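Numbering-wise, the sequence shown is residues 3 to 293 according to the working numbering.
Where is the CB? At the ideal position from N, CA and C, for every residue including glycine.
Source: prediction; values computed, not measured.
Here's the structure we're looking at; comments come further down.
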Amino acid sequence: MKMALRACLRTKPGLTALLSQLSCSGHAAARRAPALVAQRSSSSTSQKIKVDFDQSSGVAVMHMQSPPVNSLSLEFLTDVCIALEKLEMDKSCRGLVVTSSQPKVFSAGLDILDMYGKSPEHCAEFWKAVQEMWLKFYGSNMITIAAVNGSSPAGGCLLSMTCDYRIMADNPRYSIGLNETKLGIVAPFWFKDTMVNTVGHRATEMALQLGLLYSPAEALKIGLVDQLVHEDQVLTTATETMTKWLAIPGILNISYTCHFFHLWCCNLVCTICSCVCQVIAAKKIHLSQDF
Ligand SMILES: CCCCC/C=C\C/C=C\CCC/C=C/C(=O)SCCNC(=O)CCNC(=O)[C@H](O)C(C)(C)COP(=O)(O)OP(=O)(O)OC[C@H]1O[C@@H](n2cnc3c(N)ncnc32)[C@H](O)[C@@H]1OP(=O)(O)O
3 MKMALRACLR TKPGLTALLS QLSCSGHAAA RRAPALVAQR SSSSTSQKIK
53 VDFDQSSGVA VMHMQSPPVN SLSLEFLTDV CIALEKLEMD KSCRGLVVTS
103 SQPKVFSAGL DILDMYGKSP EHCAEFWKAV QEMWLKFYGS NMITIAAVNG
153 SSPAGGCLLS MTCDYRIMAD NPRYSIGLNE TKLGIVAPFW FKDTMVNTVG
203 HRATEMALQL GLLYSPAEAL KIGLVDQLVH EDQVLTTATE TMTKWLAIPG
253 ILNISYTCHF FHLWCCNLVC TICSCVCQVI AAKKIHLSQD F
């Protein structure tokens, strides 16, 4: 699925342009960007993101380092998107591993504190940034692997599902899943679609209706993650796996089908509608709070 989206993006420049207009690259571009330099290995760092790029293998590792739990705030999402954009522009970068520098947590999902009591403008920016992250990862030209070295609820699970492959630490204290229902909120349909594309319809229905968080073993069983390893081995396994993937001829040029392109267009249109609705809703909430 992700490869089809990637192919669509590569072959439909108009769509890419439209996406970039929709996305929040405006505010992203205004911020500092981690630079990639042409040398064998390079390391670039924003406050919350560290990128190590090994030019000889063409593989970059993005370390999320936003304490305490890599919650996805507007600022953090912006940094992630900028880093990804930079890597995307460097054609020598063919693979990306995403992992966490925080102990026990891959990402706690959307930053709840960044969603509460904020201005409608902030909410709109925030929501656009969430969508941009999803679009950028899902439509990436690189092979992407999530090295899930800790718990990954809600938006953290979404982030990992946008990757081509997920390797999770085999520690029963960690969990992963779209638990929004348990928080009294509804996972947006594109969260749902991403999960359907990963684990299928029935498993997604169950997961979303009950707001399930899965142990690593359960997640492996339903296909939410692809591999479990000891937590010391998550990153090394991810880079080894990446090497194998990148050795497959034409891996970055998998052809796509019309079906996938249609799905992509549907997702795009619905995303625009959803975005407009979110803004309207946020404005209404804001107004009602004034009375
Ligand atoms: C802006 C809105 C625009 C309009 C949109 C409107 C509507 C859209 C509708 C729906 C969209 C919803 C989609 C939502 C997606 C989400 O991702 S919601 C976030 C869900 N996340 C969670 O449920 C995770 C909750 N956290 C945990 O389960 C645990 O914290 C943990 C990640 C497993 C880590 O556990 P542990 O290591 O034990 O750490 P602590 O629990 O002690 O936490 C440490 C500190 O981190 C703070 N924190 C945790 N999660 C978050 C978070 N998501 N956002 C912000 N902060 C978080 C926690 O409070 C602790 O802080 P203190 O040390 O107490 O200060």
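query	result
Cβ neighbours of D81 in the same chain (closer than 6 Å, five flanking residues each side left out)	S48, K50 and I51
Cβ neighbours of K194 in the same chain (closer than 7 Å, five flanking residues each side left out)	T206 and L210
Candidates G213, G152 and E242: closest to G179 by CA position	G213
Contact between the stretch 213–223 and the stretch 107–127 (3+ Cβ pairs under 8 Å)	no
Any non-hydrogen atom of ligand 1 within 7 Å of V107 CB	yes
Cross-strand partners of Y167 (DSSP beta bridge)	I147
Coarse secondary structure for F128, derived from DSSP in three states	helix
Cβ-based burial, R204 [other Cβ within 10 Å; buried from 16]	exposed
For L226, three-class secondary structure by DSSP	coil
Where S102 sits in the DSSP three-state scheme	strand
Meets three-Cβ-pair contact criterion under 8 Å: the stretch 98–111 and the stretch 145–163	yes
Cβ shell of D116 (< 7 Å), same chain only, five flanking positions each side left out	S75, L76 and F128
Same chain, Cβ closer than 8 Å to K120, neighbours up to 5 away in sequence not counted	F128
heavy atom of ligand 1 below 7 Å from F139 C-beta	no
Spatial neighbours of H261 in its chain, beta-carbon cut-off 6 Å, leaving aside the 5 residues before and after	In this predicted model, H261 has a pLDDT of only 38, less than 50, meaning its place in the structure is not dependable enough to derive any value.
Within 8 Å, strictly: CB atoms of N151 and V236	yes
Contact the stretch 245–255 vs the stretch 184–193: 3+ CB pairs below 8 Å	no
Cβ neighbours of L79 in the same chain (closer than 6 Å, five flanking residues each side left out)	A131 and M135
Extent of the continuous beta strand (DSSP E) to which F108 belongs	Note, F108: premise wrong, no beta strand (DSSP E); not H, not E.
Per-residue DSSP class, three states only, for G158	helix
DSSP three-state assignment for M117, whether helix, strand or coil	coil
Whole-angstrom distance between Q104 and P69, CA atom to CA atom	7 Å
Backbone CA spacing between M197 and D113 [nearest angstrom]	20 Å
I274 versus K138: straight-line alpha-carbon distance, rounded	16 Å
P155 Cβ short of 7 Å to ligand 3 heavy atom set	Ligand 3 is absent from the structure shown, which contains only ligand 1.
Stretch pair the stretch 83–92 + the stretch 159–168: three plus CB contacts closer than 8 Å	no
Near ligand 1: V82 beta-carbon under 7 Å from a heavy atom	no
Other residues of its chain near L24: CB distance less than 6 Å, five sequence neighbours each side excluded	Reliability fails at L24, whose pLDDT of 33 lies under 50, so the model's placement of it is uncertain and no value is given.
Start and end residues, beta strand (DSSP E) containing H232	From DSSP, H232 is part of no beta strand (DSSP E); its letter is neither H nor E.
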